[in-house]
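Residue numbers (the working numbering), protein chains in the order written: chain A, 665 to 810; chain B, 665 to 810. Every residue gets a Cβ at the ideal spot worked out from N, C-alpha and C, and that includes glycine. Because the structure is a prediction, the values reported are computed rather than measured.
There are 2 protein chains.
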Amino acid sequence: MENQIEQKCRDAGLKLTGQRRTIAKILSEATDHPSANELFERCTAIDPKISLSTLYRTLRVLEETQIIRSHDFGEGYARFEVATKDPHDHLIDLVSGDVHEFNHPDLERLKQFIAKEFGYDVVRHRVELYAIPIKSSQSKRRRIRS
Amino acid sequence: MENQIEQKCRDAGLKLTGQRRTIAKILSEATDHPSANELFERCTAIDPKISLSTLYRTLRVLEETQIIRSHDFGEGYARFEVATKDPHDHLIDLVSGDVHEFNHPDLERLKQFIAKEFGYDVVRHRVELYAIPIKSSQSKRRRIRS
DNA sequence: ATTTTAATGAGAATAATTCGCATTTGTGCT
DNA sequence: AGCACAAATGCGAATTATTCTCATTAAAAT
Chain A
665 MENQIEQKCR
675 DAGLKLTGQR
685 RTIAKILSEA
695 TDHPSANELF
705 ERCTAIDPKI
715 SLSTLYRTLR
725 VLEETQIIRS
735 HDFGEGYARF
745 EVATKDPHDH
755 LIDLVSGDVH
765 EFNHPDLERL
775 KQFIAKEFGY
785 DVVRHRVELY
795 AIPIKSSQSK
805 RRRIRS
Chain B
665 MENQIEQKCR
675 DAGLKLTGQR
685 RTIAKILSEA
695 TDHPSANELF
705 ERCTAIDPKI
715 SLSTLYRTLR
725 VLEETQIIRS
735 HDFGEGYARF
745 EVATKDPHDH
755 LIDLVSGDVH
765 EFNHPDLERL
775 KQFIAKEFGY
785 DVVRHRVELY
795 AIPIKSSQSK
805 RRRIRS
């Protein structure tokens, strides 16, 4: 059985080349937000003769067809993720580099409200929280009594 | 009388060269969010022999000393502004390119709340609204009866 | 005025991404 | 199965914002 991305490529009228299958597989198996370089490493582990040009070209095509999304976390390069879920925002762990996803309805409302004040409609937005783990105590989610 | 930036350079122990004075002047007079290239054009109009290296180096130093701030609005290059006011967020007009600044207390509260849910403290954030002017009617601010 | 030390200019270097083009490969049709 | 053609690939060169190197110059301190 083929993955979501392959099906979507078909729907979008894209040729299913071996390279694309490899890239699609890597992307759909990723649980993180890999950069082009990280993707390239994972790809060459499967198909050592895939080229970086092809990877970049494919990433672009997949983004144009809304199959994936790219993000810029200010590192000087992009990170990618499959666009399965609804759009969401990101919290970047400054210590580990981990990326957490969230979607808060208040935030959606608030951004529209703010834009309206200026006489605008929001087309898209970018919300990123750069944060460090709370050290003093446990997080709210897993609190233990001290 | 010298501008804010020159004073701050002094305080930071930076030499006040002619080039720095020029760059400081341009920056303090800017009401927009100029890119390095735009700044370079404005600088060379005053001092044609200033070099791009110097501009970039100075921008970096000024940012390191918190005298200016740089932003990445996803255009592939940075934009700069004097760090006089409190930190704020930006609404980017997708039609004209204009940048509006805002600061909403609810947003500040909300971001801390969201981070806490994950067990984090927010160190810094990035909130950008990319928007288009409301076409159908006037903006809330300047409504006229139709 | 002299010394010290940081800043400048010019161009080379970097790094992520894109492009040009000759070659290859899916895909649809017969 | 075999063909034709558009689309995709791979290689290396090009692009672009920014940084670096290093010899020269200028500000600041003595």
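Can you look up residue i in the DSSP assignment and give me helix, strand or coil?
i, result
"B:Leu678", "coil"
"A:Ile798", "coil"
"A:Ser699", "strand"
"B:Met665", "For B:Met665, the pLDDT reaches just 47, beneath the cut-off of 50, and the residue's location in the model is therefore unreliable, although a value from the coordinates is still provided. Coil."
"A:Leu771", "helix"
"B:Glu765", "strand"
"A:Glu739", "coil"
"B:Tyr784", "strand"
List the residues of chain B whose Cβ lies closer than 9 Å to the Cβ of residue i, in chain order.
i, result
"A:Asp736", "Asp736 and Gly738"
"A:Val821", "An answer regarding residue 821 of chain A cannot be provided, because it is not within the stretch 665 to 810 covered by chain A."
Give the residues of chain A in contact with residue i, contact being defined as C-beta atoms less than 8 Å apart.
i, result
"B:Tyr741", "What B:Tyr741 touches in chain A: nothing, since even the nearest Cβ is about 12 Å away."
"B:Arg790", "Gly738, Arg790, Val791, Glu792 and Tyr794"
Just the C-alpha distance for residue i and residue j, rounded to the nearest angstrom, thanks.
i, j, result
"B:Lys689", "B:Arg706", "10 Å"
"B:Ile687", "B:His768", "31 Å"
"A:Thr718", "A:Glu702", "14 Å"
"B:Asp696", "A:Lys780", "21 Å"
"A:Cys673", "B:Gln671", "58 Å"
"A:Glu772", "A:Val791", "11 Å"
"B:Ser734", "B:Gly761", "16 Å"
"B:Pro751", "A:Leu716", "39 Å"
"B:Arg685", "B:Val763", "26 Å"
"A:Leu678", "B:Tyr720", "43 Å"
Which residues in the same chain have their Cβ closer than 8 Å to the Cβ of residue i, if we skip the five residues on either side of it in sequence?
i, result
"A:Glu739", "Ser699"
"A:Leu793", "Asp753, His754, Leu755 and Ile756"
"B:Thr708", "Ile714"
"B:Ala795", "Leu755, Ile756, Asp757 and Leu758"
Who are the Cβ neighbours of residue i in its own chain at under 6 Å, not counting the five residues just before and after it?
i, result
"A:Lys775", "Val786 and His789"
Starting from the beta carbon of residue i, find every residue of chain B whose beta carbon is closer than 8 Å, and list them in chain order.
i, result
"A:Ile778", "Leu755, Phe766, His768, Leu771 and Leu793"
Given residue i, which residues of its chain have a CB within under 7 Å of its CB, disregarding the five upstream and five downstream residues?
i, result
"A:Met665", "Unreliable positioning characterises A:Met665 in this predicted model, as indicated by a pLDDT of 48, which lies under 50. The coordinate reading is nonetheless provided below. Answer for A:Met665: no residue qualifies."
"B:Asp736", "Ala742"
For residue i, go through chain B and note every residue whose CB falls closer than 7 Å to its CB, in chain order.
i, result
"A:Pro797", "Gly783 and Tyr784"
Sequence ranges, alpha helix (DSSP H) only - wholly within the segment 710-737 of chain B, length at least 4: Complete alpha helix (DSSP H) runs here, min 4: 716-728.
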